[in-house]
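Have a look at the structure below before the remarks.
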Amino acid sequence: MSTNLMSGAKILLECMVREGVECFFGYPGGVTLPFYDALYDHHIRHVLVRHEENAAFAAEGYARATGKVGVCCATSGPGATNLITGLVDSLMDSIPIVALTGQVHSTLIGSDAFQEADTFGITRPCTKHNFMVKNVAELPQIVHEAFYVAASGRPGPVLVDIPKDVFMAQGHYTPVTTIHLPGYKVFTEGHTGQIKRAAQMIWDAERPFIYAGGGIIAANASAELREFAELVDAPVVCTLMGLGGLPAEHPNFISMPGMHGSYAANMGMSGADVIIALGVRFDDRVTGRLAAFAPHAKIIHVDIDPAEIGKNRAVEVPIVGDVKRVLEKLNKATAERKVSFGARNAAARREWWTQIRAWKEQFPLVPSISDTEIKPQHLMAEIDRLTGGKAIVTSDVGQHQMWAAQLIRFNAPRLWINSGGLGAMGFGLPAAIGAQFAQPHKLVVSIVGDGGFQMSIPELATIASHGLPIKIIVMNNGYLGMIRQWQELFYNNRLSSATLDCFPDAEKLAGAYGFKGRTVEKPRELAAALEAAFAEPGPYLLNVKVSPSENVYPMVPSGGAINEMVMGPPQPVAVP
Amino acid sequence: MRQPEGRATGDKFMLQIILVLLENKPGALLRVTGLLGSRGYNIESLTVARTLDPTLSRMTIVVDVEPKLCVQVIKQMNKLINVLQATDLTESPSVSRELVLLRVRAEQEGRTAILKEAEIFGARVVDSSTEGFVIEATGDLEKVEEFLEAMRCYGEIEVSRSGTVAIPPGGKKLRLQPPVPTRAEMVRT
């Protein structure tokens with residue numbers, strides 16, 4: 005291939021095309037003008053957002069919905085700093101994104117120039133890795149390295165800071181064919197000996213339990229997980245990040261564990277003798293008080309990041325590797341044992357399933373329904389009924405997120421999109437934008453609280469501009485619901501700054517942006533309102549006024565053990 | 026490793042010696058120290074310099090950490106892309122040295138005694154004046170601490186320490202990641 009002389013901006017676009025980028029999200033600025041000029045007659049699609057923070061969230065939504073690397077772009081100074089929440093969110097949830105930021109002219113760096121910020125320094129702890137490009141000659145290598153690092157191993161955000169003069173400089177572009185990062189070790193193959201040990205331990209177990217998470221989604225290992233669950237015939241819980249990894253309708257699926265997980269999930273986790281942890285990190289929301297977490301269980305931990313293994317909990321069989329590759333081998337090893345040893349511990353296993361089913365029946369996750377006000381759980385159950393486990397659902401952060409996770413089915417991976425580790429409000433709506441661009445033919449439902457929604461209102465313009473048929477469902481209780489719940493339960497109901505007054509009229513707000521909106525507050529009108537929203541060919545804003553005093557249960561209080569859940573509001577005691 | 030006296034580390038913390046081989050690039054040092062700083066681990070001492078390969082540097086860090094976190098610190102360092110290898114030398118056999126420059130005030134009477142003391146520790150006088158001496162000493166941490174204790178008795182001292190430099194025991198082979206093809210190349214082939 006001949007070498008061409010072209011500007012740094014054009015070189016960057018060439019590299020992006022070679023990396024398979026079709027669509028990215030950004031906001032222009034002074035130092036990125038050369039780049040936006042090159043973009044003007046280029047076929048790559050750039051989506052103009054209305055706040056850089058939402059460019060990062062949209063890139064995340066795109067990545068979460070497809071598994072491809074999401075890309076966002078911002079200018080120097082305030083543009084770059086506005087990306088930070090999205091970068092940290094990707095880092096926490098291990099989402100592959102590349103953030104391209106402009107920087108002031110090289111000669112001005114360090115002089116407090118206009119719109120200058122130390123982006124490289126500020127984003128160092130916010131990213132998996134970051135780069136500052138010094139000259140146009142190193143630009144192609146850096147861009148390809150950035151995409152490689154973002155997508156490989158444990159995925160994560162990578163930032164590339166490009167000074168204005170690098171965009172403008174002329175360089176010879178030769179396509180890059182290899183990436184050499186001697187210090188970047190990626191472990192894909194699990195240790196064969198450990199896998200055999202794991203298979204034997206599983207075979208000897210009387211109460212095996214599978215704890216699967218975001219790693220299954222990242223590795224595209226749903227099929228392997230399903231095979232494994234059926235081979236071992238063990239109950240499976242999926243974490244908030246792992247929902248959809250195993251179809252919700254699969255008989256082995258027990259729902260979500262943790263702080264707002266189901267009773268059966270938490271009791272099962274606590275009562276198991278062997279826990280097989282696949283692509284999870286023993287996060288504090290799942291484990292509760294670590295000292296009390298499954299104290300008698302032996303743990304097999306499979307993860308691609310060696311630093312996660314043994315971080316929160318010592319494990320008996322650590323396996324570092326890509327969970328898809330490891331499960332392929334583990335399935336083989338387990339199947340071999342099934343043939344050799346026959347039905348081992350059959351009676352104990354049957355008893356275990358009886359116990360699990362009993363727990364499920366004791367406290368099932370059922371939505372409460374009232375005929376005077378719309379209960380939030382009822383709203384989620386209706387959305388579940390209408391989506392049938394097949395729609396992409398993005399969520400913001402708070403009570404609605406927990407109810408959606410508990411009550412909406414996901415029968416495939418990459419349908420449930422939410423900010424798990426960081427819990428960044430304002431995530432849901434821009435993520436839905438990213439997801440809709442990623443999957444233009446799928447139904448995208450964005451469930452947001454009245455709090456998070458108001459953080460993302462600017463993006464209604466982006467939705468209107470592109471006619472994105474996103475169904476925005478605002479679960480409106482007039483509060484920052486989760487804050488109110490904690491203030492009620494732990495701060496003597498002193499509701500400090502938890503009330504959200506002055507919510508805009510939904511019909512008028514949507515109308516202001518040129519699309520349909522409606523408010524519904526009567527339970528008997530809910531089904532029809534949702535159906536009308538979903539049937540609308542364009543975007544729709546449905547403001548659902550729900551009961552303001554509902555709390556999310558079960559709940560494991562902060563510092564509590566997961567088998568000591570609060571199942572419901574305290575019952576009134578009869579006065580003697 | 027013998028924990029030096031008079032240190033405000035308390036029972037819960039210990040000094041961990043970490044040897045890091047990293048790329049000699051701007052920002053690489055900051056990534057390593059940032060990792061420790063953001064977790065609140067105090068860095069007792071840090072030395073870094075180029076190796077025979079000009080693209081690589083070797084760094085010796087002595088960190089104040091809780092014993093149960095030692096393994097996690099090494100794992101987090103190995104995750105950094107600029108770091109080729111991070112090793113914990115606290116328990117393993119290795120050679121470590123520190124250089125200390127010490128200025129001691131010495132009037133007429135104490136001068137000979139100071140010189141004799143220095144000789145015992147194999148230290149050299151590198152500067153001499155009517156006010157006092159500047160003495161250079163090298164040794165492992167234990168010897169350096171003993172030397173400073175000894176010198177303290179002779180009067181007012183001012184100390185400039187280089188920090189511990191360590192060299193790993195031989196024999197361990199460095200396993201590095203080989204080059205990988207770019208996505209475009211993989212799609213083509």
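Line order of the protein sequences matches chains A and B. In this text, residue positions in the first sequence follow the numbering used here: the first is 5, and each later residue adds one. In this text, residue positions in the second sequence follow the numbering used here: the first is 26, and each later residue adds one. Even glycine gets a Cβ: it sits at the ideal position worked out from N, Cα and C.
In this model, residue 265 of chain A and residue 298 of chain A are separated by some 15 Å (Cα to Cα). Secondary structure remark: continuous alpha helix (DSSP H) runs of at least 4 residues inside the region 40-88 of chain A, in chain order: 56-70, 82-85. The DSSP-derived three-state label of residue 146 of chain A is helix. The three-state reading of DSSP puts residue 547 of chain A in strand, counting E and B together. With three or more CB-CB distances shorter than 8 Å, the region 325-344 of chain A counts as touching the region 184-198 of chain A. Three or more Cβ pairs closer than 8 Å define a contact, and the region 121-128 of chain B meets that threshold against the region 151-169 of chain B.
The DSSP-derived three-state label of residue 216 of chain A is strand. If you check each beta-carbon in the region 185-202 of chain B against every beta-carbon of chain A, the ones closer than 7 Å belong to 201, 202. For a Cβ distance threshold of 9 Å, residue set 311, 314, 315 of chain A lies close to residue 97 of chain B, ordered along the chain.
By the neighbour-count definition (other C-beta atoms within 10 Å, threshold 16), residue 138 of chain B is an exposed residue. Per DSSP, residue 445 of chain A lies in no beta strand (DSSP E) and is assigned neither H nor E.
Between residue 102 of chain A and residue 164 of chain A, the C-beta spacing is below 8 Å. In this structure, the straight-line span from the alpha carbon of residue 44 of chain A to that of residue 107 of chain B is close to 36 Å. Ranking A:155, A:532, A:313 by CA distance to the CA of residue 390 of chain A puts A:532 first. Contact residues of the region 541-561 of chain A toward chain B are absent (C-beta to C-beta distance below 7 Å). For residue 37 of chain B, no Cβ of chain A is located within less than 8 Å of the residue's own Cβ. Within the same chain, and ignoring the five residues on either side of residue 290 of chain A in sequence, the residues whose Cβ sits closer than 7 Å to its Cβ are 243, 261, 262. The three-state secondary structure of residue 319 of chain A, taken from DSSP, is coil. For residue 113 of chain B, the secondary structure class from DSSP, reduced to helix, strand or coil, is strand. Taking the Cα positions, residue 234 of chain A is about 47 Å away from residue 54 of chain A. As computed with DSSP, residue 70 of chain B is found in a beta bridge with B:87. For residue 183 of chain A, the chain B residues whose Cβ falls inside 8 Å of its Cβ are 204, 205, 206, 207, in order along the chain. Taking 9 Å as the cut-off between beta carbons, the residues of the region 184-214 of chain A near chain B are 184, 185, 186, 187, 188, 189, 190, in sequence order. Using a CB distance below 8 Å, the part of the region 83-109 of chain B facing chain A consists of 96, 97, 100, 101, 103, 104, 105, 106, 107, 108, 109, ordered along the chain. In this structure residue 68 of chain A touches residue 99 of chain A by the C-beta definition: roughly 6 Å separates them, less than 8 Å. A residue is called buried when at least 16 other Cβ atoms come within 10 angstroms of its Cβ; residue 324 of chain A meets this threshold and is buried. The beta-carbon distance between residue 327 of chain A and residue 304 of chain A, rounded to whole angstroms, is 12 Å. This is too long to meet the 8 Å contact definition. The CB of residue 254 of chain A never comes closer than 9 Å to any CB in chain B; the least such distance is about 33 Å.
By the Cβ neighbour-count rule, residue 404 of chain A is buried, with 16 or more other Cβ atoms within 10 Å of its own.
Approximately 17 Å separates the beta-carbon atoms of residue 399 of chain A and residue 467 of chain A; this is outside 8 Å, ruling out the contact. Under the three-state reduction of DSSP output, residue 461 of chain A falls in the helix class.
Around residue 172 of chain A, the same chain offers 11, 12, 13, 38 as residues with beta carbons nearer than 8 Å, after the five sequence neighbours per side are excluded. The Cβ of residue 47 of chain A sits no closer than 8 Å to any Cβ of chain B. The Cβ of residue 153 of chain A sits closer than 8 Å to at least one Cβ of chain B. The beta carbon of residue 418 of chain A sits closer than 6 Å to the beta carbons of 69 from its chain, once the five residues preceding and following it are set aside; these are given in chain order.
In the three-state reduction of the DSSP assignment, residue 103 of chain A falls in the strand class.
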